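First the structure, in the form of structure tokens, and then the observations on it.
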Amino acid sequence: MNVDDYLNVAQEELEEDIRPTGFYRNKAKVIKNAAKEIRDRFDGVVPQDIDVFATVKGIGRKSANLIVGLAYDKPAVIVDTHVIRLSGRIGFSENKNPDRIEQDIKKIVPKDMWTAFSMLITLHGRYLCKAKKPECERCLLQNDCDYWIGGRKHV
């Protein structure tokens, strides 16, 4: 797909395509508006520079990192809710701010592993180290986890 495809698709069809992501109506509007801005500002080419891409209205740092990291296969630290939670539990970062967590992770993870690391941490958080009722007994990171070490108190 290219920017024009997003601009030309019916709003309802786009909403249906992204429905499983939640907040699909709002996201569809944001996608269409971002596509228009990308067409107008960047001649329809999605910027490969995360900092530049994040200047597009509706595209935050997380989305810019996700798209550039996955679509362009460029190093990107994608900080979602799971990465935030696990960063605190495992000690990657003491920050709660996603931008600061991103910078902290960049200091400890080799650049060529940023995207894969982000995705693995997200999957670990989604399926094992959940916000509520984490499955600590199955986790290989117990010895490095403040949540487990601290008697499973909220971290």
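In terms of the numbering used here, the sequence shown is residues 101 to 255.
We put the CB at the ideal spot given by N, CA and C, even for glycine.
Just so you know, these numbers come straight off a predicted model, no measurement behind them.
For a minimum of 4 consecutive residues, which ranges assigned as the alpha helix (DSSP H) are wholly contained in the segment 183-222? 198-208
Count the other C-beta atoms from every protein chain shown that fall within 10 angstroms of the C-beta of T215, then say buried if there are 16 or more, exposed otherwise. In the sequence shown, counting from the first residue as 1, residue 215 sits at position 115. By the neighbour-count rule (16 or more Cβ atoms within 10 Å), T215 is buried.
Quick one: residues in its chain with C-beta nearer than 6 Å to the C-beta of C245, no 5 flanking neighbours on either side, listed in chain order? Residue mapping note: residue 245 aligns to position 145 of the sequence shown, counting from 1. Excluding sequence neighbours, C245 sits near R189 and I190.
Assuming G225 and R185 are in contact, meaning their beta carbons sit under 8 Å apart, how far apart are those beta carbons, in whole angstroms? In the sequence shown, residue 225 corresponds to position 125, counting from 1. In the sequence shown, residue 185 corresponds to position 85, counting from 1. Correct: roughly 6 Å between the Cβ atoms.
Expected contact under 8 Å - CB spacing of L228 and E237 to nearest Å: Locating residue 228 in the sequence shown gives position 128, where the first residue counts as 1. Locating residue 237 in the sequence shown gives position 137, where the first residue counts as 1. Rounded, the Cβ-Cβ distance is 10 Å, inconsistent with contact.
Is the CB-CB distance between L114 and A128 below 7 Å? As a working note, residue 114 is residue 14 in the sequence shown. As a working note, residue 128 is residue 28 in the sequence shown. It is a contact, given that the beta carbons lie within the stated cut-off.
For L240, name the three-state secondary structure that DSSP assigns. Taking the sequence shown and counting its residues from 1, the one referred to as residue 240 is at position 140. Here L240 sits in coil by DSSP.
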